[in-house]
Structures are given as C-alpha cells and as structure tokens.
C-alpha cells in the first residue's frame with residue numbers, strides 16, 4: 001500500500017462499521033449539543049436541571065450534525081486508505097462539531113491537557129465553549145485541525161486549494177456551506193480547479209453542504225432545480241455526486257448510502273491521480289452535493305414551529321432552555337436521544353469500538369501536521385540579494401525600475417525553492433514588472449491551451465498563480481502559508497482594498513496564534529503593491545487609492561509591518577527581510593516606473609536596517625548644529641519630489657540648513673510603546689528636532705503621519721503633504737501637483753514655515769507659484785510633463801558637500 | 001405599439017440596414033482608434049504624420065470593437081422596438097467606444113457643446129481622451145449614458161439588476177467582460193436572476209463578452225469547452241445564446257448572424273414579459289455569449305507578433321506609433337481600413353443614413369434618463385419620525401432596542417414609497433432587528449418556495465433584498481440609487497469591510513459627479529451598521545472590527561458623513577436626515593440590543609441638529625465656571641459606560657466639576673476647514689476647553705479621534721479609549737473591559753488625569769481596579785456580567801441637578 005490515493009472496494013457497510021459510524025456521529029452530536037447548552041452534568045448522571053444549562057446560550061447547531069456526519073465518514077475512509085486528509089470547514093459556525101470530533105479522536109486532550117478523556121474533561125469541554133475565558137463558538141485558531149476561521153464567509157475553497165498546491169499526496173475535504181456559496185469569493189473559487197495540477201498538487205474534494213437555510217432565509221442553491229445545480233457544478237468543471245437525506249430518511253440507510261458514495265468518489269479521485277504523467281489535460285474532479293436537513297437529529301418542532309429542516313435551527317434552537325420547564329424538557333429529550341450511556345463509560349471515556357473508527361496519529365484530521373503549517377515549514381533558500389544590486393556610483397546617477405530589479409532576485413528565489421514558494425497576482429505580475437520570473441517558471445494554467453503564439457509563459461505546473469480575482473489570490477496564498485509554505489501577492493495598490501476584510505481576518509488569526517503555544521509560526525503574508533497611486537495618472541481616479549496602509553495599521557502592531565523603499569536597492573533589502581520574517585503581514589509599496597537610484601547596496605542595507613535615517617548627502621546641515629528645517633520623505637515619488645525640492649533650495653537659498661530624512665519602515669514613526677519598531681521620543685527628536693519645521697512628503701493620506709506622531713514633541717511643526725483624493729487622468733507630475741506634493745510646492749512649504757525665509761524669499765516663492773502654472777499649462781498643451789521635471793537629476797555637485805549615508809551614528813533599533 | 005417589450009419579426013437584414021450597421025461600427029471603431037492615438041488631423045485630410053500622434057499613448061483598444069458592435073446592433077433593435085434600454089459596460093476599459101457611440105448619436109455634443117459634430121469637434125474629441133484636462137480613458141461619470149465606472153471590475157451585473165428593480169419597462173443590456181467574470185462579485189451576481197421579479201422589475205440581458213484575454217493571460221471562461229460554459233450559464237439559471245466570430249469571419253455575415261440572434265433573444269424576452277400575471281414562477285431569462293476576437297478589426301500582427309485575437313491587443317497595440325516609421329505606417333493603414341471618407345463628409349459630419357440607425361431622444365442609450373438618475377428621482381415621502389419616538393420621562397428611565405424602533409418608522413417609509421425605496425442586507429435584516437418592516441413588505445425571492453412553515457416573509461415582489469453577499473447588496477443598491485431611487489444597506493459592522501473597495505469607487509463617483517453640471521444629484525448611499533463591535537461578544541474576535549469608519553473618512557469630506565446616535569430617538573432623527581440627503585455616503589452605527597434611552601425626541605432633534613453637545617443633566621459642572629474634566633462619548637456603548645463612570649464619580653467625588661459631551665456627528669470634531677460639518681476652533685474650545693483633561697470614550701479605534709483633532713489646542717490633554725483589537729468570545733462588559741473602555745477604567749482615567757484627584761482618591765482608584773478584577777472573575781465563573789453592571793441605571797437623582805439638554809446656547813452649525 002502506497003502512502004496516498006489508494007482505491008478500496010466499494011461494498012456495503014458491515015453492521016459493525018455501521019454501528020461505529022452511527023456511534024461516532026451520535027457521540028459527536030451529543031458533545032456538540034452539550035457544548036452549546038451544558039454548564040455541568042455532562043453525562044446527565046442526574047436528571048437535567050435548570051442550573052446545568054448555561055446562562056447565556058451562544059453557538060450554532062444548524063450545520064453541526066452534517067459536519068459531524070462527514071467527519072465520521074471521512075474517518076472511516078482515511079483509516080481504510082491511509083490517506084492524509086485535512087478538513088476545511090466553510091460553515092465555521094459548526095465550531096462545536098469540530099471541537100467534538102477532535103475530542104473524540106484524542107487530539108483535543110493531547111493539545112489541551114486539562115480537557116481530559118473523562119467526565120471531568122467533558123465538563124470542561126462543555127463549559128469552555130463560547131464561555132468567557134474559554135473558546136470561540138466558531139472554528140478558530142484554537143481548534144486543532146483548523147486552517148480556516150469560521151467568521152467571515154467565502155474563502156473555504158480558496159484556502160483549500162492553497163493548502164493543496166505542492167502537496168501532491170494531500171486530500172483536502174472542503175465543506176462549503178450553502179450560505180457561504182452565495183458570496184462572491186466562493187462563487188468564483190470553484191474555478192480554482194483550472195489552476196491546480198494533477199500530479200504536482202493535492203486534490204480538493206468540495207462538499208457542498210446543502211442544508212437549505214441561512215440565518216433567516218433559504219439558500220439560493222437549495223432552491224433551484226436539482227438539474228440546474230448539476231449544470232452549475234458541471235459548468236464549474238466538476239463531476240457532481242449527489243447525496244440526499246431528509247428528515248424522514250432512515251439514518252442507517254443514510255450511513256450506507258453515503259459510505260458507498262464516498263468510496264466511489266475517492267476511488268474516482270484515485271483513478272484520476274493514477275493517470276499516466278503524460279495525461280496533462282485538466283480532469284473533472286469529483287465534488288459532492290451533500291443535502292441534509294438543517295439541524296438534523298434535533299427537535300423537529302419547538303413551540304409548534306418547524307425547527308429541524310428550517311432556518312430556526314441555525315443558531316440555538318432552544319433559547320429558553322433555562323427559563324421554561326417546557327424547553328428544558330425538550331433539551332433533555334434531545335440529549336437523551338443520542339443515548340450517551342451507550343457511547344461513554346461510567347468514567348466518561350468513549351467506547352473503544354467507536355474510538356476505533358478514527359485513524360491514528362497524524363492521519364487524524366484534527367492532528368494532520370498540514371493544519372499547523374509552521375511545523376512543516378522549511379526556511380526559504382534565499383540568494384544573496386546583494387548580488388542583484390544596481391550600481392549607484394553617485395546618488396541619482398543611475399535609473400532603474402525597482403520591481404523589475406526585484407523580479408531578477410525573485411527569479412532565483414523561485415529556482416532555489418521549487419516546491420514551497422509561489423507568486424500570486426491578479427493578471428498583473430508582468431504589469432508590475434516582475435516578468436523576469438518567467439525565465440525560471442511560468443503561470444500555472446490548467447484550462448485549455450490554444451498555441452504558443454498567445455499562450456506565453458503558461459505552463460501546466462508553475463510558480464506564478466494569476467487569476468483575475470484578488471480574493472482568490474489572497475485566499476490561495478493564505479491557504480499556502482497556513483500549511484507551511486511561502487509566497488507573495490503582487491497587486492495594484494488601489495485594488496488591494498478588495499481584500500481588506502480578508503486581510504483583517506488573517507491578521508486576527510496571526511494575533512491569536514501568537515498566543516497559542518502549540519501553533520508554530522508561519523511565514524509572513526507579503527504584499528507587493530506596485531502600480532501605485534502616483535503612477536496611475538493614465539488609468540485615472542478610479543485607480544488611485546493609497547488607503548490600504550491606513551487599513552493595515554489599525555491591526556495589532558505585533559503583526560503588521562509597512563515598508564516604502566525609495567529605490568531599487570532598498571526594495572531588494574526590504575524584500576529579503578520580508579521573506580525571512582514570520583507571523584507578520586508585510587506591506588511593501590514600490591514603484592515599477594524608471595526612477596533614480598539613490599543608495600548603494602551597502603547604504604541601502606544600513607538604511608533599511610535603521611528603517612529611517614538622515615541622508616547627509618542630500619541635506620545641507622552643518623555637523624553639530626540644528627538644521628533650520630527638516631525635509632522628510634516616505635515613498636519613491638515623494639522622495640524624488642523631496643530631493644528635487646532640496647535641490648532647488650540649495651541652489652536658491654544656499655545658507656539654509658536642511659536636514660533630509662527618509663523613512664522606509666513606516667512603523668518607526670510610532671512611539672516605541674505603540675509598536676515594536678517605534679522610535680523612542682529621544683530618537684525621534686534627534687531626527688526630527690523638537691521645534692524646527694518638518695515638511696513631510698508622504699506617499700499616502702497625509703493624516704496617517706499625524707496619527708502616528710501626534711504625541712511627539714514636534715507634532716505642531718509637522719506639515720505633511722500626501723494624497724488628498726485629488727486625481728484624474730493626467731501626467732505623473734500633474735498628479736503630484738494636484739495634491740500639492742510637487743517639488744515646487746514643497747519649496748513653498750519650506751519658505752512658509754521657516755520664519756527667516758518668509759520675508760526675504762518672496763521672489764523665490766512667486767517663482768515656484770509660476771512654475772506650477774507653467775507646468776500645468778505645458779501639460780495641458782503637450783500632454784506630457786515639462787522637460788525640466790522629466791529631465792531633472794540630482795546634481796552630482798551636491799553629493800560631495802557633506803558625506804555619505806551611514807557616516808553618522810545609527811538612530812537605534814534594527815528593522816526587526 | 002406599446003412602450004415596451006414589443007416583438008419584431010426575425011428576418012434577414014436588408015442590405016440597407018446591413019450597410020448602416022457596418023457604417024456605424026466602422027465609424028465607432030474609427031473614432032475609438034482616433035481617440036487613443038490622434039492629437040490632430042482627425043479626418044486624415046493629410047497623410048498621418050508623427051506629430052499627429054499623442055506623445056503618451058494611454059487607453060484600451062482590445063474590448064472596444066466588440067462593445068461598438070453591440071452598441072450598433074442594440075441601436076437598430078431599440079429603434080425598431082422603441083424599447084427603453086441602457087447599456088452597462090462591464091469592460092470599462094472600452095471607454096473610447098462608449099464616448100464614440102455617444103458622439104455618433106449626438107448625445108455627446110448635446111452634453112459637451114464644445115465637442116461639435118464637425119471636424120473641429122472631432123479634433124477635440126480625440127485630443128481630450130486620456131489627456132491632461134480631458135476625460136478618463138475608462139467609462140466614467142463624464143461619459144454620457146454611464147452608471148458604471150470602468151475601474152475596479154466585478155459589479156456590472158449587480159449594477160444592472162439594481163437599475164432594473166422597479167423599472168418594469170427597462171431593458172438593461174449588461175456587457176460582462178470575461179476578465180471581470182473571474183472576479184468573485186461577478187461570479188455570484190449571475191444569481192441575481194433569482195431576485196428579480198418578472199412584472200414589477202425590468203429585464204437584464206447579460207452579454208458575456210468572451211474576447212479571450214486579460215492584460216497578459218487568457219480568460220478562464222474562454223478556455224473551457226463550450227458545453228461546459230453552456231452548463232455554467234444554465235446552472236446560473238439562464239438560457240444562453242451563442243454568437244461566435246473569429247478573425248476569419250466575414251463581417252457582413254457576422255452582422256447578419258448577430259442581428260438575427262438579437263431579435264430572437266429580444267422576442268424571447270418579450271414573450272416572457274407577456275406571460276400572464278399569474279405566472280409567478282421564475283423564468284429563465286436569455287443571456288448572450290458574445291465571442292469575438294480581442295481587438296477585432298485591428299492589426300493582425302505587429303512586429304511579427306500576433307496582436308488581434310490575443311492579449312497583446314488589450315491596451316495600446318502600437319506603443320511606438322510616434323517613434324518608428326514602421327509603427328506609424330501600421331497605424332495609418334489601420335485607420336484607413338475604416339474608410340472614414342465614406343462615413344464622414346468633408347465637414348466631419350456623420351453620413352445621415354448611418355446616423356439614422358440610432359434611435360432618437362431619450363431612447364438613445366447614451367441619453368437614457370435612467371443613466372442620470374437624479375433627473376428621475378422623486379423625493380421620498382417620509383412619515384414624521386417624531387411619531388415613532390420612544391417615551392423618555394427621564395434620562396435612562398426607559399429601555400429600547402434602537403434599530404427595532406427605527407424598523408417601525410422604516411415600515412411606514414416602505415408603505416409610503418412602494419416603488420422607489422428598498423432595504424438591502426445580507427440575511428441580517430431581522431438579525432439587525434428591523435423586522436417590523438415585514439408588516440409592510442417581504443423579502444423579494446424568486447427562487448423556489450417550499451411552504452409557509454419555513455418561507456416566512458418571502459414574497460415574489462417585495463422591498464427587502466437579502467442575499468448572503470455584501471457585494472451584491474452594495475452593487476444592487478448602487479445601481480438602484482444611480483438610476484434615481486432610494487435605499488439603505490444594513491450590515492454587521494465587521495463585515496462591511498467586504499465592500500471597502502466598492503465604497504471607494506462609489507465615493508469617487510459622487511465626488512466627480514459633484515463637479516459635472518449635467519449630472520443631477522442622487523440619493524445618498526445609507527449604511528446602517530448594527531451588530532457592532534461591542535455586541536459581538538458572542539460571535540467573537542472575527543466579528544469585531546469598527547474600522548469601516550476609518551476607511552470612510554479617508555474619502556473627500558464633501559461626500560462622507562458618519563453618525564453614531566447613542567439611543568433610539570437620536571437614531572430616528574439621524575436616519576430621517578440621511579434619507580433626505582443627496583450625494584453623500586452616510587454611515588450610521590447603531591446598536592440592536594436593549595439599552596437605555598437618554599433623550600426625549602425634542603432633545604434628540606436638538607442634539608442631532610448640533611451634531612454634538614453638552615448633556616448638562618449628566619455632568620456636574622457649575623454654570624459660568626470651567627469644568628475640572630470633560631468626559632466625552634461617541635457611540636451607544638461608550639455613552640453608556642461614560643455615563644456610568646460619571647455616576648460613580650458624582651457619587652464618590654461630589655466636588656468634581658464634570659462636563660459630559662456626547663458626539664453624534666463624528667465629522668463635527670474635524671476642523672471647519674477640513675470638513676463642512678467641522679467645528680471652528682472657538683466652538684471646539686468652548687466645548688472641550690483649551691487645557692482641561694478630556695477623557696473620550698469612542699466606539700472605534702481610538703487613534704481616529706486623534707487624527708480628527710490633532711490641530712486642536714487641547715489635543716495634548718485628549719485621552720481616548722476605544723477598541724484596540726482586543727476581543728474574544730465573552731460577555732458584553734468583558735469586551736469593554738478588555739479594551740479599557742469600561743466605566744471603572746474611565747474613572748481611573750479621570751483620577752489619573754485630574755491633578756487634584758491623584759493624591760486624594762487613591763482609595764477610589766484602587767476600588768476601581770478591584771471592581772475590574774471582580775467583574776472579570778464573576779464573568780469567568782458565571783458566564784455572565786456582574787449584576788451591578790447589568791442592572792445599572794442612570795440615577796434619577798442626578799437628573800435634576802443641572803437642567804435639561806438644550807438649555808444652553810447651541811454651539812453653532814447645523815447637521816447639514
């Protein structure tokens with residue numbers, strides 16, 4: 001017997017196995033109901049009393065018995081076939097079910113030693129559920145065997161496929177709730193089957209759990225004709241298998257039918273997996289439509305209203321179990337219907353013949369190591385990024401497209417890590433100038449091919465995953481990371497907002513797992529946001545939005561990092577750091593357009609290690625004296641404008657002592673008490689002074705800088721320019737002008753803020769005003785930026801005036 | 001002939017009509033290419049020269065000829081049938097096409113009088129496209145006939161159905177790009193057909209534009225077998241009709257085939273529309289799969305690489321038209337292929353026989369009044385919200401569920417506006433306690449019914465739209481508003497982030513239309529966020545996120561408003577205001593749990609009109625003296641905790657002069673220069689003092705308050721408590737404790753910040769610390785909050801000490 005994809009004879013269930021399945025299911029259902037309702041008296045050794053019931057009933061019953069049924073049957077099949085399998089629970093509301101199954105197969109007690117396999121353990125198991133100081137009511141990071149939080153719906157299949165990529169021997173049983181199936185992300189994620197590779201990747205078995213109802217409504221997919229649903233699944237590229245049980249179905253028959261169906265499906269998968277390697281065409285993977293009554297085996301009617309088989313079974317069907325004798329009686333009868341005394345012995349231990357249904361060790365779905373991916377994670381083999389440095393003989397003396405340079409390094413990252421690193425993006429990897437990676441790999445595509453004239457870089461198995469769905473890119477990557485691999489997501493900056501809510505949920509997962517000792521650290525979720533706000537002059541206003549950073553920094557400081565490298569070498573250094581990091585979300589914003597390089601690789605490393613610092617060669621301060629003004633920049637375009645402004649100032653106001661500060665690691669601006677990367681007040685004041693004007697040119701919404709620095713001594717003198725939602729289809733320089741971030745306006749800002757300049761430099765100020773008008777008019781006439789701006793380069797003459805970066809004391813901290 | 005849904009005989013095209021169609025298509029294609037490439041020489045009266053070509057080539061050709069083809073054919077059909085039709089362009093990249101067609105049918109020149117129907121007008125038309133000071137390259141608010149911006153993809157069908165609701169005579173031709181079709185929101189929006197009503201609503205005709213390629217990849221739906229695609233569309237509930245043209249297809253034949261197919265489809269729609277009224281079952285509406293080569297009629301090969309019929313045609317196929325004679329020649333030949341001299345006379349005027357193809361007046365798709373919804377909008381008939389007030393004999397003396405109270409008023413809003421007001425929500429209208437509306441209407445549901453036991457409140461035609469897709473709710477509502485109607489979207493607070501990016505795009509649309517004189521104001525997009533962060537103690541951490549407010553306030557102040565009414569009467573007053581407003585996005589956060597009422601309706605109106613103000617009855621300040629401390633609150637739960645803290649302080653520190661400020665309209669905190677609702681510094685200082693400690697209990701992330709007030713004189717003394725991403729499954733009071741927003745912690749904050757208390761009230765401080773511990777322990781033992789907190793009410797005794805709200809001078813401003 002090999003390790004995966006074994007076939008088994010499809011034969012009727014033996015009575016013994018049937019009784020095991022039935023026993024397991026009853027036990028799991030009993031434990032689920034117990035978790036939702038019981039505070040004590042877990043084995044009902046005394047008649048159920050009011051005080052045994054929790055004072056606040058919080059949980060979800062409706063989907064749970066179906067999930068338990070599937071878990072029991074998968075147990076049987078896994079054991080028979082030794083098939084490594086994980087269970088992704090789209091209906092995360094079934095939290096009690098997943099906990100119950102993990103308890104039954106022993107994983108729970110191994111993970112949480114106080115929840116023992118006896119009566120006292122059962123009491124704890126019940127009590128902790130959805131109880132203060134206990135565990136969430138949904139499938140959560142705390143649930144062994146889970147890589148999929150049950151909160152926001154829609155990502156079950158994306159996560160499942162992410163887990164399957166590069167795990168050729170893994171079966172991912174992915175239960176999709178029929179409520180969830182109405183969400184957009186889920187509706188497109190069925191198409192993931194065109195991206196999975198039959199030999200390189202594992203198999204996802206989608207199980208559409210058609211239990212018919214949401215909180216208060218029927219579900220769409222349950223209320224279309226069966227043939228229409230079949231068409232839909234065939235249209236999605238699957239071979240559907242239907243299982244149907246109603247409230248009237250004989251339960252033994254249900255077990256027999258489903259066992260046969262599951263064996264048929266798994267044999268079909270084995271058959272497809274066993275096709276010869278030269279069978280490269282996409283196969284139609286099976287999926288199961290699993291139609292069962294909502295709240296199956298629960299009370300049929302409560303207070304005369306249909307409950308099982310209706311939306312009324314969604315949450316807690318007996319809201320007043322503690323308050324009315326009638327409801328208490330219904331609950332007692334319901335619990336009794338599972339005949340717990342047949343399932344658990346006097347000590348509360350599960351009957352060994354039932355326990356035998358489950359596989360053992362790592363084959364238990366709740367213990368499968370893939371669900372605690374940090375356990376399996378291998379460090380990436382990273383090529384030395386310094387070898388990919390662009391040459392910078394002097395600041396601004398050479399030009400590069402930063403992301404294109406990064407792409408060359410990524411090419412070798414791909415080469416060195418052929419089975420645990422992928423790049424995700426919605427049709428934009430080349431647009432974001434990472435196309436060098438196609439020297440080493442291609443875009444994994446298992447839909448149809450038409451020919452080499454157009455199918456450029458498409459391959460059956462590759463490291464780049466492109467589908468025009470940010471939700472899919474994010475969901476796939478999350479699933480890939482959660483099962484112990486590495487990757488990045490490249491995206492247009494504006495449209496990364498599409499996955500704002502998914503980022504939220506992943507950040508929450510990371511925060512929680514930081515405090516769960518048995519969860520091992522996973523690789524960070526790395527974003528590369530290119531085609532950013534300042535270079536969407538051609539696509540216009542709808543493509544201009546730098547607000548993802550604002551969204552990200554609302555999450556816990558311990559899990560979020562934001563970097564804005566100003567040039568190619570700093571981008572290389574930053575990304576090397578990101579790919580080495582663990583348990584973070586790293587947001588990196590970097591340009592793809594030709595733009596000057598300012599730092600040598602050695603300088604870039606020093607600068608990125610500090611996270612921010614003075615560029616002495618750019619400023620005109622005098623060693624040992626306070627500057628008159630600080631010009632600070634963050635982001636590639638603001639840095640260019642800031643330097644051009646300093647150039648103008650140095651030429652026109654030679655006595656002005658300017659300090660130039662650049663920020664790569666945005667979180668350095670926060671207080672050290674707020675963020676692990678934060679500067680102390682002393683460090684901050686050393687850089688930004690306590691009382692001199694600071695003109696800060698920032699990539700995004702300006703108020704973010706104020707929000708990060710409002711407690712700093714010099715906050716009152718901080719004057720921030722950034723994107724203020726003024727944009728349209730125009731030229732790059734017109735974009736910065738529209739938002740007052742341009743070099744001329746920065747000069748005006750300096751003049752207006754430095755008292756000594758206000759009177760004496762009125763002429764220069766007026767020149768700047770005129771320059772802006774001239775630039776605007778030229779643009780409107782010629783459709784391009786004025787040559788003076790287009791051709792501007794940092795004058796070599798400035799470079800020698802002060803010294804090289806890194807010559808002064810580091811401002812403290814490192815970039816971890 | 002009636003006004004809508006006329007049939008027409010399906011017969012072969014006459015040569016005359018064929019030549020009109022062909023002429024129109026060639027003209028539209030010529031104008032599209034002209035817009036992308038030409039700066040001048042629009043009619044090519046002299047040979048194309050380098051300087052005729054734009055210096056920066058920005059635009060998208062690929063999808064455009066297909067869109068033009070459809071537009072031409074729809075013109076013919078509309079004219080023949082007098083069928084009011086609008087055109088929703090999912091592939092917004094086809095901007096030049098939509099502009100071209102609007103120009104050809106005369107709408108463009110009527111809208112923009114400088115773009116005349118002559119050679120000079122053509123020159124302007126070409127030049128302005130994707131040019132500084134001109135128009136965007138995508139379909140945009142500036143484009144006549146558009147309700148659908150071409151930027152972020154995925155919402156074409158949702159918008160189309162939103163437009164069709166309550167417009168029984170309207171046909172919405174909705175072109176779905178095959179790139180867009182890969183997005184999640186689009187993938188689920190096909191299911192909209194289960195929600196549309198055959199007689200009450202219009203008809204959406206989805207046209208899947210299968211041109212095969214995205215930016216750099218094939219599309220999924222183009223690369224599955226035709227039968228699989230047919231299954232998919234049948235599975236989505238449609239009757240698909242296929243049209244296919246390749247690069248080899250004879251163009252005349254293509255016109256003949258498509259004309260016949262379109263007539264067949266429109267007749268089928270007419271047939272379905274003509275079914276008797278008692279035919280209530282869902283019908284299978286037709287849809288068209290329109291498969292054509294990408295960049296159809298463009299250069300087949302450029303530089304030896306396949307262009308037409310490949311992703312290379314996506315954007316600007318001749319990047320170097322200005323720089324190489326070879327490319328210039330290709331462009332010249334391409335333009336010449338449309339034989340413009342046959343289409344336009346010497347003055348640049350369109351041949352009248354071609355012009356005749358289009359319908360006239362409002363039947364022109366670019367001039368259809370539904371696409372400028374403000375023109376058609378009727379004001380809502382609003383019942384007097386004061387009649388729905390809850391009785392508040394004294395502050396805190398009665399209890400209500402705010403959203404339930406609002407629901408009663410909404411019930412009558414529904415009754416009074418039976419054809420232009422809808423409520424949208426993802427399965428949560430009852431969960432958010434608005435279920436009173438079911439007394440007046442039901443949930444519109446046109447999938448299958450099974451029986452009254454479970455199909456509660458489901459109706460074939462109703463005012464409540466529930467699908468478990470926030471994307472659909474948002475997209476439908478946007479389409480409904482943009483075509484001149486009214487509505488609201490109720491949602492769990494945490495999951496509204498799912499539509500962050502859609503909000504962005506709608507806010508951008510509103511901002512731009514504010515500056516387009518011919519666009520008439522539309523009703524505001526109203527959110528009701530209930531089930532908010534503080535009352536997701538049962539669902540846990542994944543359901544706790546108040547960050548949508550932060551996201552919203554990044555958009556232009558002129559279009560965003562945020563309200564946090566603290567009780568039922570203030571919610572009524574706020575929502576009445578929101579439903580009357582125009583061109584805004586109104587975010588209203590309000591609780592659904594039983595909670596005390598503080599203001600009578602009269603007081604509520606005064607308070608909401610101010611937007612914020614002192615609650616004199618709550619504080620203990622002395623008239624004419626500065627307070628010792630300001631306790632400010634914003635949001636229902638923070639207000640409760642703030643009042644409970646003040647209660648404790650008044651009992652324990654009777655001499656302390658406390659001012660109590662409540663904020664309803666969050667934007668009042670901003671500077672008057674930043675937001676139209678902003679307070680002047682003088683007003684702000686009058687309320688919050690210039691130097692006294694302010695303890696601010698806020699609903700969301702605390703730093704937002706700092707970001708809104710960082711320039712205020714008293715910023716340094718502002719101490720904000722709010723949600724700091726600490727949450728889990730616990731009790732309501734434990735949630736506020738976890739985030740230090742609880743009454744006990746607020747008392748501690750006051751003691752720590754008021755110098756005179758720091759030494760003398762150490763005992764009280766310690767009591768508060770002990771109280772927190774006690775509360776935590778009680779919760780962990782009993783699974784519920786301590787009775788002291790649960791049973792707390794604002795003491796009537798305090799009420800009489802100072803006077804009623806509204807007794808002092810209004811602080812200025814109104815809430816508009």
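Residue numbers (full-length UniProt numbering), protein chains in the order written: chain A, 1 to 816; chain B, 1 to 816.
Heads up, the beta-carbon is just placed ideally off N, CA and C, and yes, glycines get one too.
- Listed along the chain, the chain A residues whose CB falls inside 9 angstroms of the CB of residue 476 of chain B amount to none; the nearest CB is some 13 angstroms away.
- Rounded to the nearest whole angstrom, the CA to CA distance from residue 293 of chain B to residue 241 of chain B is 18 angstroms.
- Taking 8 angstroms as the upper bound for CB-CB distance, residue 193 of chain A and residue 285 of chain A are in contact here, some 6 angstroms apart.
- About 6 angstroms separates the Cβ atoms of residue 37 of chain B and residue 331 of chain B, confirming a contact at the 8 angstroms cut-off.
- Just measuring C-alpha positions, the residue of B:289, B:307 and B:200 sitting nearest residue 278 of chain B is B:200.
- Along the length of the segment 7 to 87 of chain B, whole alpha helix (DSSP H) runs at least 4 residues long occupy 15 to 37 and 64 to 81, reported in chain order.
- In this structure, the beta-carbon distance from residue 70 of chain A to residue 224 of chain A does not fall below 9 angstroms.
- For residue 198 of chain A, the three-state secondary structure derived from DSSP is coil.
- Going by beta carbons, residue 542 of chain B and residue 150 of chain A fall inside the 9 angstroms limit.
- Within 8 angstroms of the CB of residue 555 of chain A, the CB atoms of chain B belong to 725, in sequence order along the chain.
- The residues 90, 91, 153, 154, 156 and 186, in chain order, have a CB closer than 8 angstroms to that of residue 180 of chain B in the same chain once the five nearest residues on each side in sequence are set aside.
- Residues of the segment 483 to 506 of chain A whose Cβ lies closer than 7 angstroms to any Cβ of chain B, in chain order: 495, 497, 498, 500, 501, 504 and 505.
- Just so you know, the alpha carbons of residue 53 of chain B and residue 340 of chain B end up roughly 17 angstroms apart.
- Per DSSP, residue 669 of chain A has no beta bridge partner at all.
- In the same chain as residue 188 of chain A, and ignoring 5 residues on each side of it, the C-beta atoms closer than 6 angstroms to its own belong to 469, in chain order.
- Shortest Cα-Cα distance from residue 100 of chain A to any of A:27, A:58 and A:598 involves A:27.
- About 17 angstroms separates the Cβ atoms of residue 195 of chain A and residue 420 of chain A, ruling out a contact at the 8 angstroms cut-off.
- Close to chain B, meaning a Cβ-Cβ distance shorter than 9 angstroms, is no residue of the segment 313 to 329 of chain A at all.
- Scanning A:730, A:633, A:711 and A:768 for the CA closest to the CA of residue 536 of chain A turns up A:730.
- Chain A has a Cβ within less than 9 angstroms of the Cβ of residue 547 of chain B.
- The beta-carbon of residue 673 of chain A is placed no less than 9 angstroms from the nearest beta-carbon of chain B.
- Cβ atoms of residue 143 of chain B and residue 136 of chain A stay farther apart than 8 angstroms, at about 48 angstroms.
- Excluding sequence positions up to five before and after residue 390 of chain B, its CB lies within less than 7 angstroms of the CB of 398, 400, 405, 568, 569 and 597, all in the same chain and listed in chain order.
- Beta-bridge pairing by DSSP links residue 595 of chain B to B:400.
- Residue 500 of chain A sits away from residue 457 of chain A, with the two beta carbons spaced by 9 angstroms or more.
- Taking a C-beta cut-off of 7 angstroms against chain B, the contacting residues of the segment 687 to 709 of chain A are 701, 703, 706 and 707, listed in chain order.
- Excluding residues up to 5 positions away in sequence, 139 lie with their Cβ nearer than 6 angstroms to the Cβ of residue 146 of chain B in the same chain.
- Note on residue 350 of chain A: 16 or more other CB atoms within 10 angstroms of its CB, so buried under the neighbour-count rule.
- Between the beta-carbon of residue 483 of chain B and that of residue 141 of chain B there is about 14 angstroms, and that puts the pair past the 8 angstroms contact cut.
- For the segment 226 to 240 of chain A, the residues whose beta carbon sits under 9 angstroms from a beta carbon of chain B are, in order, 227, 228, 229, 230, 231, 232, 233, 234, 235, 236 and 237.
- Only those residues of the segment 454 to 481 of chain B whose C-beta falls short of 9 angstroms from the nearest C-beta of chain A are listed: 454, 455, 456, 457, 458, 466, 467, 468, 469, 470, 471 and 472.
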